[in-house]
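Okay, structure first, notes after.
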Amino acid sequence: MQSPANTYRLQITADFDLFEAAARLRYLHELGVDWVYLSPLLAAEPGSTHGYDVVAFDHVDPSRGGTEGLGTLSAEARRLGMGVLVDIVPNHVGVATPAEDAWWWDVLHHGRESEHANAFDIEWPAGDGRLLIPVVGDGDEDAIQVRGGELWYHDLRFPLAPGTSTHDEQHYRLVNWHEADDNLNYRRFFAVNSLAAVRVEDPEVFAETHIEIRRWFEEGLVDGLRVDHPDGLRDPKRYLDDLALLTGDAYVLVEKILEPGESLPGDWATEGTTGYDALGLIDRVLTDPAGQQPLDALETRLRGGPVDWAAMIHGTKREVADGILHSEVRRITREVRRVTTAVSFTDIEDAIAELLACFPVYRSYLPEGIEHLEHAFALAREHRPDLATTYDVLQPILSDGWSPPARRFQQTSGMVMAKGVEDCAFYRYSRLTSLNEVGGDPSVFSVDVDAFHAAMATRQADWPRAMTTLSTHDTKRGEDVRARITALAELPDVWSSALDELLTLAPLPDPGFGSLLWQAILGAWPASRERLHGYAEKAMREAGDRTTWTEPDEAYEAAVHAAVDAAFDSDDVRRVLDGLLSHVAALGRSNALSAKLVALTMPGVPDVYQGSELWEQSLVDPDNRRPVDFDHRAAVLAGSAEDDAVAKLHLTRAALTLRRDRPELFTSYTPVTATGPAADHVLAFDRGGAIAVVTRLPAGLETAGGWGRTRLDLPVGEWRDILTGHPVVEVRGPSGPSLETTSTAVDLADLLAIHPVALLVREDT
Numbered sequence: 015m016q017s018p019a020n021t022y023r024l025q026i027t028a029d030f031d032l033f034e035a036a037a038r039l040r041y042l043h044e045l046g047v048d049w050v051y052l053s054p055l056l057a058a059e060p061g062s063t064h065g066y067d068v069v070a071f072d073h074v075d076p077s078r079g080g081t082e083g084l085g086t087l088s089a090e091a092r093r094l095g096m097g098v099l100v101d102i103v104p105n106h107v108g109v110a111t112p113a114e115d116a117w118w119w120d121v122l123h124h125g126r127e128s129e130h131a132n133a134f135d136i137e138w139p140a141g142d143g144r145l146l147i148p149v150v151g152d153g154d155e156d157a158i159q160v161r162g163g164e165l166w167y168h169d170l171r172f173p174l175a176p177g178t179s180t181h182d183e184q185h186y187r188l189v190n191w192h193e194a195d196d197n198l199n200y201r202r203f204f205a206v207n208s209l210a211a212v213r214v215e216d217p218e219v220f221a222e223t224h225i226e227i228r229r230w231f232e233e234g235l236v237d238g239l240r241v242d243h244p245d246g247l248r249d250p251k252r253y254l255d256d257l258a259l260l261t262g263d264a265y266v267l268v269e270k271i272l273e274p275g276e277s278l279p280g281d282w283a284t285e286g287t288t289g290y291d292a293l294g295l296i297d298r299v300l301t302d303p304a305g306q307q308p309l310d311a312l313e314t315r316l317r318g319g320p321v322d323w324a325a326m327i328h329g330t331k332r333e334v335a336d337g338i339l340h341s342e343v344r345r346i347t348r349e350v351r352r353v354t355t356a357v358s359f360t361d362i363e364d365a366i367a368e369l370l371a372c373f374p375v376y377r378s379y380l381p382e383g384i385e386h387l388e389h390a391f392a393l394a395r396e397h398r399p400d401l402a403t404t405y406d407v408l409q410p411i412l413s414d415g416w417s418p419p420a421r422r423f424q425q426t427s428g429m430v431m432a433k434g435v436e437d438c439a440f441y442r443y444s445r446l447t448s449l450n451e452v453g454g455d456p457s458v459f460s461v462d463v464d465a466f467h468a469a470m471a472t473r474q475a476d477w478p479r480a481m482t483t484l485s486t487h488d489t490k491r492g493e494d495v496r497a498r499i500t501a502l503a504e505l506p507d508v509w510s511s512a513l514d515e516l517l518t519l520a521p522l523p524d525p526g527f528g529s530l531l532w533q534a535i536l537g538a539w540p541a542s543r544e545r546l547h548g549y550a551e552k553a554m555r556e557a558g559d560r561t562t563w564t565e566p567d568e569a570y571e572a573a574v575h576a577a578v579d580a581a582f583d584s585d586d587v588r589r590v591l592d593g594l595l596s597h598v599a600a601l602g603r604s605n606a607l608s609a610k611l612v613a614l615t616m617p618g619v620p621d622v623y624q625g626s627e628l629w630e631q632s633l634v635d636p637d638n639r640r641p642v643d644f645d646h647r648a649a650v651l652a653g654s655a656e657d658d659a660v661a662k663l664h665l666t667r668a669a670l671t672l673r674r675d676r677p678e679l680f681t682s683y684t685p686v687t688a689t690g691p692a693a694d695h696v697l698a699f700d701r702g703g704a705i706a707v708v709t710r711l712p713a714g715l716e717t718a719g720g721w722g723r724t725r726l727d728l729p730v731g732e733w734r735d736i737l738t739g740h741p742v743v744e745v746r747g748p749s750g751p752s753l754e755t756t757s758t759a760v761d762l763a764d765l766l767a768i769h770p771v772a773l774l775v776r777e778d779t
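Be aware that the sequence shown starts at 15, since it is given in the numbering used here, and climbs by one per residue.
In structure tokens:
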């Protein structure tokens with residue numbers, strides 16, 4: 015099996031199609047990239063900017079370059095010796111525009127008799143034999159009309175069943191959009207009504223949905239795949255086994271979020287995750303643990319009382335189970351009732367919702383992960399002892415990994431976790447928002463160097479080809495936004511004082527949300543007014559406690575937007591913001607370079623998200639899908655243009671090139687230790703001939719007066735820092751020619767005199 019030394023993620027769109035991507039491969043090759051990593055390519059909804067709303071499985075999206083574009087990109091990659099990794103979407107299809115999805119259209123046309131009816135996860139009896147389509151606005155039923163041989167609702171077209179002429183004769187029923195919460199009878203992607211789940215567990219459906227993907231491998235166009243959202247699949251292990259057969263055991267990664275302490279099932283046909291677990295460790299090893307207590311105190315003051323993260327996410331998950339995903343809970347309940355009628359529908363429904371709220375990870379894969387289900391039952395019994403009898407009935411049913419209720423419960427728990435935690439609680443908890451990241455637990459404030467080394471040793475042993483990353487299209491904040499926010503853990507008093515002043519100058523109804531907002535502004539600055547308003551709207555509506563997407567509170571939202579405007583229009587606010595930047599900008603740059611070097615050199619396959627070889631100060635999507643100026647990056651790389659992130663670009667090129675061209679230097683993992691007064695401020699490890707050395711907690715280091723006599727213990731060898739080109743003092747063994755060359759240590763003050771990081775390579779290997 016071919017596997018990449020590193021990857022570079024590109025978002026393929028109509029404006030940056032496969033032909034344009036092919037033209038940029040030369041730059042990526044010069045940057046040191048081994049494989050190009052592409053966003054979804056199959057035909058998607060018209061105008062889709064992300065490609066996850068696939069509408070056809072048999073061809074590449076014409077607006078993204080089509081078959082010819084993929085052929086052109088693949089040929090150029092082969093010419094440069096590069097591989098191609100593509101993101102695929104097996105769990106769902108786009109149905110926002112019914113006429114665009116031939117399968118969905120056919121199901122609407124012919125109902126259960128459609129040749130594609132089995133492709134979708136539809137519970138026909140729950141809709142009295144009809145598929146419920148929640149698109150109708152309040153009081154807008156009169157807009158449903160028949161004209162031109164079709165059913166129309168405003169600009170949406172739907173087919174008429176043969177021989178029919180009215181809405182009430184169809185295999186589907188257009189219903190009020192509110193009914194999606196409680197009565198929907200098709201499975202979706204999370205709570206997105208316009209993304210309908212497909213049943214790839216059916217062999218025929220698998221074959222039909224992978225026709226084009228099979229061609230990619232048969233014709234040698236693609237080398238590996240990234241599987242989107244495997245937790246939505248009925249049986250992820252079986253799916254990955256089927257995919258391995260189809261691709262000839264190609265390199266495959268899964269977009270799987272692991273909670274702290276959780277491991278990927280060892281029998282999956284995958285090389286590992288896409289790297290959110292690695293991201294969380296990198297951020298936390300660079301976070302000052304001393305900041306936890308004062309930032310907790312600040313959060314308590316802003317919120318008017320202590321914030322219990324576990325209690326918060328239990329509440330937000332329960333809100334989701336009782337709200338936007340209630341239809342999924344009701345479907346599980348109906349399946350349980352087909353097994354037993356020993357307890358009432360209402361009690362089962364209540365107990366299922368409670369178990370989903372108590373589930374500690376995204377999902378189990380029974381019998382793998384049965385301990386997570388047992389944990390959920392134990393916690394649910396504590397929360398709701400009144401449902402003890404119902405839990406007694408449910409536990410054996412949900413513990414049977416092959417029963418329909420158990421399978422559906424497993425598919426649903428990840429939805430509840432994602433919507434309740436990532437898309438809600440992450441916007442309510444503001445203690446240190448660099449920790450509010452996909453795949454991370456914000457209640458875990460930091461990890462120490464020893465814990466990081468232990469995790470890396472395990473990663474090297476068990477998942478050496480899993481992906482590592484710092485930024486993706488799903489991250490809530492770009493890597494360098496987080497790096498700057500992380501600095502606040504070292505300056506809690508400075509932050510608290512400045513925040514108080516900002517909240518006085520630009521008052522907000524919810525000062526806790528104000529903390530989250532000002533951290534985002536600080537991390538992304540300088541940013542356009544439009545970008546920050548877009549972030550503010552999404553953040554407050556996703557939080558959902560003061561305003562929502564469906565019922566916006568105009569007064570609250572006006573106050574939040576006024577605070578954003580104040581960052582541009584108020585001299586006093588700018589004074590405070592500029593003062594904060596003077597404290598954290600340099601620290602953020604140090605953290606950013608440290609995080610980048612660790613991500614690019616630690617065990618795994620490092621991925622660089624498009625454009626992040628320079629400062630990556632994006633916020634949540636769609637901000638992080640903005641166009642990238644590759645001409646500027648190529649000019650900076652060539653030395654014909656300037657940029658204040660040039661150090662990051664050259665660090666990225668050095669590390670990527672080394673990983674691609676000298677793989678023998680990255681075959682093991684050994685901690686490298688330091689001694690002296692500032693030893694806690696360095697993280698270093700030897701990958702088998704390449705040593706990464708990074709600064710951590712730079713504010714504390716500066717306060718302590720710098721490195722002083724702190725020294726790094728290097729293995730015997732001739733070492734050179736490839737970031738500066740400077741040789742490091744030769745380290746010899748005890749049999750060296752003089753006392754001066756028997757030392758196994760170098761001064762960190764000398765080693766890190768130019769950059770806060772170093773990448774050492776043995777010159778004698």
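Just so it is clear, CB atoms sit at the ideal spot from N, CA and C, and this is done for glycine as well. Source: prediction; values computed, not measured.
Assigned with DSSP and collapsed to three states, R676 falls in coil, not helix or strand. In terms of Cβ geometry, V598 and L513 do not form a close pair [threshold 9 Å]. Counting only the Cα atoms, V107 lies some 23 Å from T489. Straight-line measurement puts the Cα of G593 at about 44 Å from the Cα of D675. Setting aside the 5 residues that flank it on each side, P566 is surrounded in the same chain by R555, each with a C-beta closer than 8 Å to its C-beta; the list follows chain order. For Y186, the enclosing beta strand (DSSP E) stretches over residues 186 to 190. The shortest CA-to-CA distance from G526 to any of E568, R351, T447 is the one to T447. The stretch 173 to 232 is shown to contain whole beta strand (DSSP E) runs of 3 or more residues at 186 to 190, 206 to 211, in chain order. Residue state for W733 is assigned as strand, using DSSP reduced to three classes.
Around L728, the same chain offers V686, I705, V742, V745, T758, A759, V760, L774 as residues with beta carbons nearer than 8 Å, after the five sequence neighbours per side are excluded.
Between P506 and L312, the gap from beta carbon to beta carbon is short of 9 Å.
With a 10 Å radius around the Cβ and a threshold of 16 neighbouring Cβ atoms, I225 comes out exposed. Per DSSP, the beta bridge partners of F134 are V212.
According to the DSSP secondary-structure assignment, L146 is paired through a beta bridge with R187. A contact is defined here as three or more CB-CB pairs under 8 Å, and the stretch 423 to 441 meets this definition with respect to the stretch 364 to 379.
When A609, P691, G702, A669 are compared, the shortest CA-CA separation from T684 is found for G702.
P712 sits buried, since 16 or more C-beta atoms from the chains shown fall within 10 Å of its C-beta. W721 counts as buried, since at least 16 other C-beta atoms from the protein chains shown sit within 10 angstroms of its C-beta. DSSP places L505 outside both helix and strand once states are collapsed to three, so it counts as coil. Residue environment analysis places A325 among the exposed positions, since fewer than 16 neighbouring C-beta atoms fall within 10 angstroms of its C-beta.
Taken in chain order, the unbroken stretches of beta strand (DSSP E) that lie wholly in the stretch 56 to 128 and span 3 residues or more are 97 to 102, 106 to 108. Secondary structure at G702: coil, using DSSP grouped into helix, strand and coil.
By the neighbour-count definition (other C-beta atoms within 10 Å, threshold 16), P399 is an exposed residue.
Contact holds between the stretch 286 to 305 and the stretch 451 to 463, because three or more Cβ pairs, one in each stretch, are under 8 Å apart. DSSP, reduced to helix, strand and coil, places G238 within a strand of the structure shown. A distance below 6 Å between beta-carbons, with the five flanking residues on each side excluded, links V236 to the following residues of its chain, in chain order: V98, V100, W230. Contact between the stretch 293 to 303 and the stretch 326 to 340 is absent: fewer than three C-beta pairs spanning the two stretches fall below 8 Å.
For W721, no alpha helix (DSSP H) segment is defined, and its DSSP state is neither H nor E. P303 sits in a helix when the DSSP states are folded into three classes.
Annotation: the continuous alpha helix (DSSP H) that includes P410 extends over 402 to 413. As the crow flies, the alpha-carbon of V407 is around 38 Å from that of A258. Judged by their CB atoms, A557 and V495 are not nearer to each other than the 9 Å cut-off. Contact annotation, L611 with L672: C-beta distance approximately 11 Å; criterion of less than 8 Å not satisfied. At a Cβ-Cβ threshold of 9 Å, V619 and M470 do not count as neighbours. Counting along the chain, W166 sits inside no alpha helix (DSSP H); it lies in the beta strand (DSSP E) bounded by residues 164 to 167. Excluding sequence positions up to five before and after Q474, its CB lies within less than 6 Å of the CB of P617, Y683, all in the same chain and listed in chain order.
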